[in-house]
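> When we follow my numbering, the leftmost residue of the sequence shown carries the number -3, and every step to the right adds one. Got a structure for you, written out below as structure tokens; questions coming shortly.
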Amino acid sequence: ASAGVDELILPARNQQDYEQVPALIREKMKAHFVEHYTEIPALVFEEVVFGEGA
């Protein structure tokens, strides 16, 4: 994808707008649509389990 961007996080209300992006571009990217900004950390950060491993 352009400039190394291959995943996007967008407001759910913009999903229809994203569908208007040419398929050639959308095929190279993964889009995540969120209803609220509190959903973003779960998408961005790996789940860490404390107390296991070293």
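Don't be surprised by glycine CBs; every beta carbon is placed ideally from N, CA and C. A quick note: this is a predicted structure, and the numbers were derived from the prediction, not measured.
#1: According to DSSP, is E42 part of a helix, a strand, or is it coil?
#2: To the nearest angstrom, how far is it from the Cα of L39 to the Cα of M25?
#3: Excluding sequence positions up to five away, which residues of its chain have a Cβ less than 8 Å from the Cβ of N10?
#4: Under 8 Å between the Cβ atoms of L4 and A19?
#5: Alpha carbons only, please: which of D13, E15, V1, P7 is nearest the one belonging to T34?
Taking the definition as stated:
#1: Counted from its first residue, the sequence shown places residue 42 at position 46. Here E42 sits in coil by DSSP.
#2: In the sequence shown, residue 39 corresponds to position 43, counting from 1. In the sequence shown, residue 25 corresponds to position 29, counting from 1. When rounded, the distance between both Cα atoms is 15 Å.
#3: Here residue 10 corresponds to residue number 14 of the sequence shown, with the count starting at 1. So the list reads F29, once near-sequence residues are dropped.
#4: For this step, residue 4 is matched to residue 8 along the sequence shown. For this step, residue 19 is matched to residue 23 along the sequence shown. No.
#5: Translated into positions along the sequence shown, residue 34 becomes position 38. Per the Cα distances, P7.
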